[in-house]
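Heads up: the sequence lines are chains A and Z, in that order.
Residue 92, in the numbering used here, is where the first sequence stops; the numbers in between run on with no holes.
Residue 278, in the numbering used here, is where the second sequence stops; the numbers in between run on with no holes.
Every residue, glycine too, gets a C-beta built ideally from N, C-alpha and C.
One structure is given here, and the rest of the page talks about it.
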Amino acid sequence: MASLIHCPHCGVRPKEEFSIRGDASLVRPDPEASDEAWNDYVHIRSNPRGRYREHWQHAAGCRRWLVVERDTFTHEVFSVADAASAAREAGR
Amino acid sequence: MTRTYISRHPLEDLLPLEPGIRAVDHLDIPRAMAIAAVMAMDGEEAAVAAGLAASGDVQVRFTGPGEWLILSQSETPEELHRNLSLLLAETAYIVDQSDGRIVFRLSGPNVRRILAKGIASDLHPAVFEIGTSSNVLCGHISVNLARTGENEFELIVMRSFAVALFNDLRVMGREFDLSADFSAQG
Chain A
1 MASLIHCPHC GVRPKEEFSI RGDASLVRPD PEASDEAWND YVHIRSNPRG
51 RYREHWQHAA GCRRWLVVER DTFTHEVFSV ADAASAAREA GR
Chain Z
93 MTRTYISRHP LEDLLPLEPG IRAVDHLDIP RAMAIAAVMA MDGEEAAVAA
143 GLAASGDVQV RFTGPGEWLI LSQSETPEEL HRNLSLLLAE TAYIVDQSDG
193 RIVFRLSGPN VRRILAKGIA SDLHPAVFEI GTSSNVLCGH ISVNLARTGE
243 NEFELIVMRS FAVALFNDLR VMGREFDLSA DFSAQG
């Protein structure tokens, strides 16, 4: 587990201040999409060894959602960005 | 049936009525303080930040992007709310928090060593400068920590956590004989 997260609003913080939601690369399917697409979106998750993008919430700090890119094997953190601005950049 | 609600500090039963002997490291607890939460409307963050910076005798504490806690010692909660509403009209949402938050003032030469027992953030004087404020985790309780002086910190906590945080601070400060009292200025 990556133990120090550089929050873009609060600075370097211990991981205990955050709660982790999971994969940040998922895109919500169209409401009319097939049951399989929805099943995949809701239930099916990969468990990668290596680089992973996750949604973390800084629950005990600024309470903002962040996108944390980290390595699940080496614990290295590559980037931390505000989830709202990340979503805006992705055009969502 | 009408009820009369009496404002009561949550630590009233835990602190002696008469002020005790003050140690070098001291926990000072103001009995009443006007506190308001301010949240900027979408796109107005910079305007609200500038307005608050120019507002003079209130203390501004950062809680998140576009969100602040405003403290005032001299104003009543109603006055603070009215003044902020006038200052930030149509740019921010203002909610009175005077009964919802409790302020702790921790001061003394060992204050960083006391706080280090509960807070994992870097509080080195060169990193956490005077005037800095932020939400941090103290043990398992989320508090707003601000550095108000050379060796002086203020913690703002939700009222229902005040007793737990007080007990935690007592244990954290026991090594340094931390004393605790209600603030003399009320």
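Can you give me the C-alpha to C-alpha distance between residue i and residue j, rounded to a whole angstrom?
i	j	result
Z/R197	Z/L207	12 Å
Z/S199	Z/I121	11 Å
Z/A142	Z/L180	10 Å
A/G50	A/A87	23 Å
Z/S234	Z/I186	21 Å
A/R72	Z/Q165	Arg is not the amino acid found at residue 72 of chain A; the sequence shown has Thr there. Going from the Cα of A/T72 to the Cα of Z/Q165 covers about 48 Å.
Z/R114	Z/G148	31 Å
Z/V327	Z/R193	Any property of residue 327 of chain Z remains undetermined from this structure, which presents chain Z solely from 93 to 278.
Z/I162	A/I44	45 Å
Z/L69	Z/R174	As shown, chain Z starts at 93 and ends at 278. That puts residue 69 of chain Z outside it, with no answer to give.
Z/G231	Z/E182	38 Å
Z/R262	A/A83	38 Å
Z/L211	A/E36	Checking the sequence, you will find Ile at residue 211 of chain Z rather than Leu. Distance between the alpha carbons of Z/I211 and A/E36: 46 Å.
A/W65	Z/L144	25 Å
Z/L172	Z/L103	24 Å
Z/A138	A/A59	24 Å
What did DSSP end up calling residue i once you bin it into helix, strand or coil?
i	result
A/F78	strand
A/R88	helix
Z/L107	coil
A/G22	strand
Z/F268	helix
Z/G143	helix
Taking all protein chains shown into account, do 16 or more other C-beta atoms lie within 10 angstroms of the C-beta of residue i, making it buried, or fewer, making it exposed?
i	result
Z/I98	exposed
A/V78	The sequence shown places Phe at residue 78 of chain A, not Val. Exposed, by the Cβ-count rule.
Z/G265	buried
A/Y41	exposed
Z/S190	buried
Z/A225	For clarity, residue 225 of chain Z is Ser in the given sequence; the question names Ala instead. By the neighbour-count rule (16 or more Cβ atoms within 10 Å), Z/S225 is buried.
A/T74	exposed
Z/H216	exposed
Z/S213	buried
Z/T168	exposed
Z/I222	exposed
Who does residue i pair with in a DSSP beta bridge?
i	result
A/C10	Its beta-bridge partners do not exist; DSSP assigns none.
Z/Q151	Z/L163
Z/I121	Z/F274
Z/D188	Z/A128
Z/E246	Z/R197 and Z/A238
Would residue i count as contacting chain D if we go by Cβ distances under 8 Å?
i	result
Z/D134	Absent here is chain D; the protein component of the structure consists of chains A and Z.
Exercise for the section: Count the C-beta pairs between the segment 125-138 of chain Z and the segment 153-161 of chain Z that are closer than 8 Å, then say yes if the count reaches three, no if not. Expected result: yes
Practice task
Pair every Cβ in the segment 29-38 of chain A with every Cβ in the segment 3-15 of chain A, then say whether three or more of these pairs are closer than 8 Å.
Solution key: no
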